[in-house]
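Going by the numbering used here, the residue at position 4 of the sequence shown is 18; the numbering climbs one at a time, nothing skipped. Every residue, glycine too, gets a C-beta built ideally from N, C-alpha and C. Shown next, in structure tokens, is the structure this report addresses.
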Amino acid sequence: MTAPTFTPAPWRRAGHRSIAAGVGISRVTICELYSWGNCSEADANEALIAAAPDLFAAAEAAAAVLAKGKWRLDSPDPEAVALCKLLRALDLARGVVLAPGRPAS
Numbered sequence: 015m016t017a018p019t020f021t022p023a024p025w026r027r028a029g030h031r032s033i034a035a036g037v038g039i040s041r042v043t044i045c046e047l048y049s050w051g052n053c054s055e056a057d058a059n060e061a062l063i064a065a066a067p068d069l070f071a072a073a074e075a076a077a078a079v080l081a082k083g084k085w086r087l088d089s090p091d092p093e094a095v096a097l098c099k100l101l102r103a104l105d106l107a108r109g110v111v112l113a114p115g116r117p118a119s
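Laid out in structure tokens, this is it:
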């Protein structure tokens, strides 16, 4: 499994449409969001991005628990489907490009 290389958590909303990590002189801006028209979508995107490191850690933990069940990734069982989705999301977060329809590693 490839270790994540993203900026360590916690990430937080740091002003209007800005996500940051760290404080003071060690603060780094993760991203800035721009919106047009209805700002509710930008607000939701901002919340999702700020939660990304926590979501990544939760996905890793859930995948580890499901992997102990030795589910086959091509099984229609709900646990196998969930594991496959978690592994695919983790691969995408790590920058692993998957072919469409290919199960996660």
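Just measuring C-alpha positions, the residue of G83, R26 and H30 sitting nearest R41 is R26.
Check the Cα spacing between H30 and each of V37, N59 and A71: the tightest is with N59. Assignment of beta-bridge partners to T19 by DSSP yields no partner. In this structure, the straight-line span from the alpha carbon of R108 to that of A61 is close to 20 Å. Look at R102 here: in three-state DSSP terms it is helix. Taken in chain order, the whole beta strand (DSSP E) runs of length 3 or more contained in the stretch 21-76 are 25-27, 32-35 and 42-46.
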